[in-house]
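Number of protein chains: 2
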Amino acid sequence: MNLSKQSNLGKPKKISDFDDREAITEFLSKNEGKRVVVVQGLGFVGAVMALVCANGVSEEYAVIGVDLPDEKNFLKIKSINDGVFPLNADDPKIYEFYNNSLEKGNLLATYDPLAYGFADVIVVDVNLDVEKVSSSTGNLKNFDVDLDNFKNAIKTIGTYCHENVLVLVETTVPPGTCEKIVKPIIDKELSERGLKVDRYKLGHSYERVMPGPEYINSIREFPRVYSGINDSSADATEAFLKTIINTETCALTRLENTTATEMAKVLENSYRATNIAFAVEWSRYAEEAGVDLYDIVNAIRVRKTHANLMYPGIGVGGYCLTKDPLLASWSRKEFFDSDSDLDMSINSVSVNDQMPVFAFNRLVQVFGSLQGKRVVILGVSYRGDVGDTRFSPVEVFVNLIQKEDALMRFHDPYVSNWEEQDCEVESDLSLVLDFNPEIIVFSAGHSLYKKDETIEALFSLSEVKIFDAIGTLNKEQILTLGSKHKVSVLGCGDENINFCNK
Amino acid sequence: MNLSKQSNLGKPKKISDFDDREAITEFLSKNEGKRVVVVQGLGFVGAVMALVCANGVSEEYAVIGVDLPDEKNFLKIKSINDGVFPLNADDPKIYEFYNNSLEKGNLLATYDPLAYGFADVIVVDVNLDVEKVSSSTGNLKNFDVDLDNFKNAIKTIGTYCHENVLVLVETTVPPGTCEKIVKPIIDKELSERGLKVDRYKLGHSYERVMPGPEYINSIREFPRVYSGINDSSADATEAFLKTIINTETCALTRLENTTATEMAKVLENSYRATNIAFAVEWSRYAEEAGVDLYDIVNAIRVRKTHANLMYPGIGVGGYCLTKDPLLASWSRKEFFDSDSDLDMSINSVSVNDQMPVFAFNRLVQVFGSLQGKRVVILGVSYRGDVGDTRFSPVEVFVNLIQKEDALMRFHDPYVSNWEEQDCEVESDLSLVLDFNPEIIVFSAGHSLYKKDETIEALFSLSEVKIFDAIGTLNKEQILTLGSKHKVSVLGCGDENINFCNK
Numbered sequence: 026m027n028l029s030k031q032s033n034l035g036k037p038k039k040i041s042d043f044d045d046r047e048a049i050t051e052f053l054s055k056n057e058g059k060r061v062v063v064v065q066g067l068g069f070v071g072a073v074m075a076l077v078c079a080n081g082v083s084e085e086y087a088v089i090g091v092d093l094p095d096e097k098n099f100l101k102i103k104s105i106n107d108g109v110f111p112l113n114a115d116d117p118k119i120y121e122f123y124n125n126s127l128e129k130g131n132l133l134a135t136y137d138p139l140a141y142g143f144a145d146v147i148v149v150d151v152n153l154d155v156e157k158v159s160s161s162t163g164n165l166k167n168f169d170v171d172l173d174n175f176k177n178a179i180k181t182i183g184t185y186c187h188e189n190v191l192v193l194v195e196t197t198v199p200p201g202t203c204e205k206i207v208k209p210i211i212d213k214e215l216s217e218r219g220l221k222v223d224r225y226k227l228g229h230s231y232e233r234v235m236p237g238p239e240y241i242n243s244i245r246e247f248p249r250v251y252s253g254i255n256d257s258s259a260d261a262t263e264a265f266l267k268t269i270i271n272t273e274t275c276a277l278t279r280l281e282n283t284t285a286t287e288m289a290k291v292l293e294n295s296y297r298a299t300n301i302a303f304a305v306e307w308s309r310y311a312e313e314a315g316v317d318l319y320d321i322v323n324a325i326r327v328r329k330t331h332a333n334l335m336y337p338g339i340g341v342g343g344y345c346l347t348k349d350p351l352l353a354s355w356s357r358k359e360f361f362d363s364d365s366d367l368d369m370s371i372n373s374v375s376v377n378d379q380m381p382v383f384a385f386n387r388l389v390q391v392f393g394s395l396q397g398k399r400v401v402i403l404g405v406s407y408r409g410d411v412g413d414t415r416f417s418p419v420e421v422f423v424n425l426i427q428k429e430d431a432l433m434r435f436h437d438p439y440v441s442n443w444e445e446q447d448c449e450v451e452s453d454l455s456l457v458l459d460f461n462p463e464i465i466v467f468s469a470g471h472s473l474y475k476k477d478e479t480i481e482a483l484f485s486l487s488e489v490k491i492f493d494a495i496g497t498l499n500k501e502q503i504l505t506l507g508s509k510h511k512v513s514v515l516g517c518g519d520e521n522i523n524f525c526n527k
Numbered sequence: 026m027n028l029s030k031q032s033n034l035g036k037p038k039k040i041s042d043f044d045d046r047e048a049i050t051e052f053l054s055k056n057e058g059k060r061v062v063v064v065q066g067l068g069f070v071g072a073v074m075a076l077v078c079a080n081g082v083s084e085e086y087a088v089i090g091v092d093l094p095d096e097k098n099f100l101k102i103k104s105i106n107d108g109v110f111p112l113n114a115d116d117p118k119i120y121e122f123y124n125n126s127l128e129k130g131n132l133l134a135t136y137d138p139l140a141y142g143f144a145d146v147i148v149v150d151v152n153l154d155v156e157k158v159s160s161s162t163g164n165l166k167n168f169d170v171d172l173d174n175f176k177n178a179i180k181t182i183g184t185y186c187h188e189n190v191l192v193l194v195e196t197t198v199p200p201g202t203c204e205k206i207v208k209p210i211i212d213k214e215l216s217e218r219g220l221k222v223d224r225y226k227l228g229h230s231y232e233r234v235m236p237g238p239e240y241i242n243s244i245r246e247f248p249r250v251y252s253g254i255n256d257s258s259a260d261a262t263e264a265f266l267k268t269i270i271n272t273e274t275c276a277l278t279r280l281e282n283t284t285a286t287e288m289a290k291v292l293e294n295s296y297r298a299t300n301i302a303f304a305v306e307w308s309r310y311a312e313e314a315g316v317d318l319y320d321i322v323n324a325i326r327v328r329k330t331h332a333n334l335m336y337p338g339i340g341v342g343g344y345c346l347t348k349d350p351l352l353a354s355w356s357r358k359e360f361f362d363s364d365s366d367l368d369m370s371i372n373s374v375s376v377n378d379q380m381p382v383f384a385f386n387r388l389v390q391v392f393g394s395l396q397g398k399r400v401v402i403l404g405v406s407y408r409g410d411v412g413d414t415r416f417s418p419v420e421v422f423v424n425l426i427q428k429e430d431a432l433m434r435f436h437d438p439y440v441s442n443w444e445e446q447d448c449e450v451e452s453d454l455s456l457v458l459d460f461n462p463e464i465i466v467f468s469a470g471h472s473l474y475k476k477d478e479t480i481e482a483l484f485s486l487s488e489v490k491i492f493d494a495i496g497t498l499n500k501e502q503i504l505t506l507g508s509k510h511k512v513s514v515l516g517c518g519d520e521n522i523n524f525c526n527k
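Now the structure itself:
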């Protein structure tokens, strides 16, 4: 979300002040005849899910996005209604879909929970967070799952929805949540309003959204796994998904119950987190043994069964891999009374959280004290060619460098303001070079940095120390750079990659 | 190796008694003009590597297989020379290649280390073992790498080889071994014989042999990673591999040094071991949560990046995955003075070693005491459609059942004698059924067991309890069987899969 540069529109009012009945009614009357989809939560998933629903493959819905009234959402909601989509995305389809919905007038954003009452389908895309307690090196000591916000969101739905609605949960939840949390809450709310509890449908289908150049396609053109708390719920979920996702090319897979699909989601992400953690350990080993882990991984990836072996890197970020394994382990104990943790999966989070600390230690080890040094950080997002800085490992890495009293500048083509660090990020490389850096760190795998012309521009001037923490540079670039500069690559032994002009 | 049914040929003589000079000389004169390849070690890799070399894609070698004089090898070597290939393999190419070499007369087996002296190329395929100390549940407490046999094998080469030989190590070794162990030993032996030490070539290229229906192809038609201790060694290794492997369709990847390729091998296998261990934890969780992990894994595997996610199972066996992660961790500390273990990789071995114990516990949990029960075990090898019982998890599982005083029968289409357990294995299913089993366990994923006609034959009679520990049965088979029998599937909640005629 890139809103901070907009003018301050004042503090939000209390929720009771946001009576949007008039706007909602007007919107619905303009969209008469269309079924109504309400998307709950307008974050990185919900905002784009709203666009996808407003541009369905086989049905044109009236779509209302609802979020809680706080300062950030205040700007976001105003922005959506005022004709500026509040995501700084690299996917032209985002703007295409948004402009379509403006033209058709079938997208509205609001705080007013009244919207749920008009919904045929409610898609739940709210956050469900994990609180981690870690040591200074990132070693995970403890964690807890915070269900309060999620429960409140479901309660609001139950307070306003009609009894025939389809509630489709997309939020990543501890497996068991739809059956053990969502259904009881909605049942209770409907009962208290004197409504039937056997008419609504409750489905679960997890998204695999990937912010970046394929943002829309990562929802619309991507296989889906889904389920319902009963057969009619699963049928309704399937029918709805078929109207918004291109199921001609993307498989829809039904699982037996909502616990199964909830587990599929966290298993999928835990698998990836574990494979990344695996690469972490071997990175350290490769450095010690003086070999190049990138070469080794590339050699192994020739084998099809091993093609998704991970490369070394600076760490794991984003909203999913940093917490999903913990949701699973929490569910195992809390919902299913297990005596056992999911040790490997928990450990993967801990190992991955330590990666930026490893990277910092290596930097100091190879290039010495950073005190007073001018350091340029290339890339602050957690992933290549994406402007998402949530839980970016670069944050931990940068904080450690800052403690050494280094002088820093940040560059990222996709981030102009680093929200979590509350600082400016340059998008112009020449401004960064004017800083006359002594150390340049590659910390996000943006394709801009891999271009020969970028490398030439960056390193044409005086000798500089280069720390590639993310495998940005290829062999040839390293060899070329190594003839003039000092180059060190995370996951590779330094004696091996032209370090110190060898 | 399936030799136990052959007649006892008597105790082997001492090595000094095996003067095979005459046979070797005769063999070489018959094969005059051909370059000589000596394969050291005639186990599951070496025996088949000898066939591949004797049937090179672009060169016809004279191939001599050498192994140590012990009772097992005595039978094996005699068998090779007498026209009976000593492997009970499911790959017709094995017999085709063996018969070709018989016709051409370019394959000899011997104990006599004199053979190394005639070699242009020596391929090292001897074992390098790990000793594990584990708790009764398979929990790994300690381990050590036994280099003695390997060092002796290399010393023998150094004692006999000429100074221009190419020594190609294929054995899976702790990374660093070629530089830190093999080269010093050969240098020393050559020096002591007054020979030059800068002329021989030393390469490393690991095999990816998979006993089974693609046994030969898993060497000949499979990508390879290789290296040498110097450029000329790497060149010689490449040139040799090109003569025996179909490099038109299979990539040859050169890495920078032997430590890199040695690391690639153990990383590759540690990756797989870790992914299997990952599935183990989630199997237990799925059982507790009452969902079917096979369904979940299948749903996730639709996603290409997750297509090699592992299924639940009874355990990990075979010679590689059960030890290779430990070789790596050992090397990290012993060869590269690291303070750190490869914790995740070590842990994967421990988790996997506990799998058959989990399976046994589940069996007792769902079907009660096994005392005096008639139990049939379907499949004793460690892998589907393979007759390899080395470190089979079924062994641990069966030993636990035996302790319960159950009455057991074993069936396996690929194993007639279970060497490690020293017992007979039936190949005829009807004999097993005559036993009138109360419990039938699927413990190896042989395709025979997946056939509808097998299932019909097995379960047409009286009611029986079925324990599928390896995902042999598909959904439809489970549903059909569940209407008459009690079915429990490892990795699935029992409430979920038609258990107890639900």
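Protein sequences, first through last, are from chains A and B. Start counting the first sequence at 26; every next residue gets the next number (the working numbering). Start counting the second sequence at 26; every next residue gets the next number (the working numbering). Idealized CB from N, CA, C, for every residue including glycine.
Test: residue i CB closer than 8 Å to a CB of chain B
i, result
"P117/A", "no"
"W307/A", "yes"
"T202/A", "no"
"S370/A", "yes"
"E392/A", "Before going further, note that residue 392/A is Phe rather than Glu in the sequence given. No, F392/A lies away from the interface with chain B (no Cβ there is under 8 Å from its Cβ)."
"H331/A", "yes"
Chain-ordered neighbours of residue i on chain A, where CB pairs are closer than 7 Å
i, result
"I321/B", "L280, A285, M288, A289, L292"
Local Cβ density within 10 Å of residue i, reported as buried at 16 or more and exposed below that
i, result
"G68/B", "buried"
"C448/A", "exposed"
"V234/A", "buried"
"P418/B", "buried"
"K226/A", "buried"
"G219/A", "exposed"
"G35/B", "Any reading at G35/B needs caution, since the residue's pLDDT is 41, under 50, leaving its predicted position unreliable; the model's value is listed next. When all chains shown are included, G35/B counts as exposed."
"P117/A", "exposed"
"G130/A", "exposed"
Interface flag, residue i vs chain A, CB-CB below 8 Å
i, result
"L153/B", "no"
"A324/B", "yes"
"V376/B", "yes"
8 Å Cβ cutoff met for residue i and residue j
i, j, result
"S243/B", "G228/B", "no"
"T347/B", "F416/B", "yes"
"Y240/A", "T197/A", "no"
Interface residues of chain B facing residue i [CB-CB closer than 7 Å]
i, result
"E313/A", "R357, F361, S363"
"V327/A", "P248, A276, T278"
Amino acids of chain B, ordered along the chain, whose beta-carbon sits closer than 8 Å to that of residue i
i, result
"P350/A", "Under the 8 Å cutoff, chain B gives no residues; its nearest Cβ is about 10 Å from P350/A."
"Y407/A", "Here the premise fails: no neighbours, minimum Cβ distance about 17 Å."
Among the options, nearest to residue i - alpha-carbon criterion
i, options, result
"L133/A", "A48/A, T162/A, N167/A, L112/A", "A48/A"
"A144/A", "T284/A, V64/A, N124/A, C275/A", "V64/A"
"P438/A", "V411/A, E445/A, E444/A, R326/A", "V411/A"
"E121/A", "V170/A, V405/A, A79/A, T268/A", "A79/A"
"S441/A", "L432/A, L454/A, A431/A, E429/A", "L454/A"
"S354/A", "V151/A, K176/A, Y185/A, P200/A", "P200/A"
Contacts that residue i makes with chain A (C-beta to C-beta distance below 8 Å)
i, result
"A87/B", "Within chain A, no residue comes near A87/B; the closest Cβ sits about 31 Å away, beyond 8 Å."
"Y439/B", "Simply none; closest approach about 22 Å."
Contact set between residue i and chain A, taken where Cβ atoms lie within less than 9 Å
i, result
"T262/B", "Those within 9 Å of T262/B in chain A number zero; the least Cβ separation is about 14 Å."
"D317/B", "L280, E281, A285"
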